[in-house]
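FYI, in UniProt numbering the residues of the sequence shown are 1 to 195. All residues carry an ideal CB built from backbone N, CA and C; glycine is no exception. Shown next, in structure tokens, is the structure this report addresses.
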Amino acid sequence: YAADNRVLIDSGTQTGIVFIGDSITQGWKDKRPAFFTPGRVNRGISGQTTPQMLLRMMADVIALKPRAVHIMAGTNDIAGNSGPMTQAMSRDNLAAMTTLARAHVVQVLLSAIPPAASFPWRPGLDTRTPIASLNRWLKSHAEQGGATWIDYHAVLDDGSGGMKPGLAKDGVHPTEAGYELMERLIAPVLAAQQL
Numbered sequence: 001y002a003a004d005n006r007v008l009i010d011s012g013t014q015t016g017i018v019f020i021g022d023s024i025t026q027g028w029k030d031k032r033p034a035f036f037t038p039g040r041v042n043r044g045i046s047g048q049t050t051p052q053m054l055l056r057m058m059a060d061v062i063a064l065k066p067r068a069v070h071i072m073a074g075t076n077d078i079a080g081n082s083g084p085m086t087q088a089m090s091r092d093n094l095a096a097m098t099t100l101a102r103a104h105v106v107q108v109l110l111s112a113i114p115p116a117a118s119f120p121w122r123p124g125l126d127t128r129t130p131i132a133s134l135n136r137w138l139k140s141h142a143e144q145g146g147a148t149w150i151d152y153h154a155v156l157d158d159g160s161g162g163m164k165p166g167l168a169k170d171g172v173h174p175t176e177a178g179y180e181l182m183e184r185l186i187a188p189v190l191a192a193q194q195l
């Protein structure tokens, strides 16, 4: 996003909120572009894990001087996309991201990892247990650190840790209908903070 960031900075446009994440964040702009009004910047990159996002925080978030950052991460850590990762490693990276944001006076919106009964690219991997565990920590971390907790898992969950029917063709990446539910959940938060 280096070129896009330079254009945005040079334009003098005020960034209200940056959405940093993986393919679930990147796909949001692809499927629901109208949600990303001026001031809402999408910086999702498909396949990325929390250490990769942490490395991008300065260039893709802090340099844009947003008032808030929306962090949705952890799916690809659980999948092991960049190699084996423990939950402690994911927690450390997410904590570092929130600490970095707060150090630059950026309000943090910390998102739950969306539900997934399985990952098509990691057959046989237990997804429900680690997603539930990391989400418990994310919620606690948000509450203790003054971040806003956004529980997408609750609105997308089929009751057993998977996506509700029709909300994700592959069981992981939301459809337009899935993103619409997510938008309904976050809309009051964004409105209250004028983001």
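The alpha carbon of PRO115 has as its nearest neighbour, out of ALA2, PRO38, ASP170, the alpha carbon of ASP170.
Taking every protein chain shown into account, the CB of TRP28 has 16 or more other CB atoms within 10 angstroms, so this residue is buried.
The continuous beta strand (DSSP E) containing THR148 extends over residues 148-150. Counting of Cβ neighbours within 10 angstroms places SER160 among the exposed residues, the total staying below 16. Looking at the backbone, the Cα of ASP92 and that of ALA187 are separated by about 29 Å. With a contact defined as Cβ atoms closer than 8 Å, ALA112 and LEU94 miss out at about 12 Å. Going by DSSP, GLN107 is part of the beta strand (DSSP E) stretching over 107-111. ALA68: member of the beta strand (DSSP E) spanning 68-72, first to last residue.
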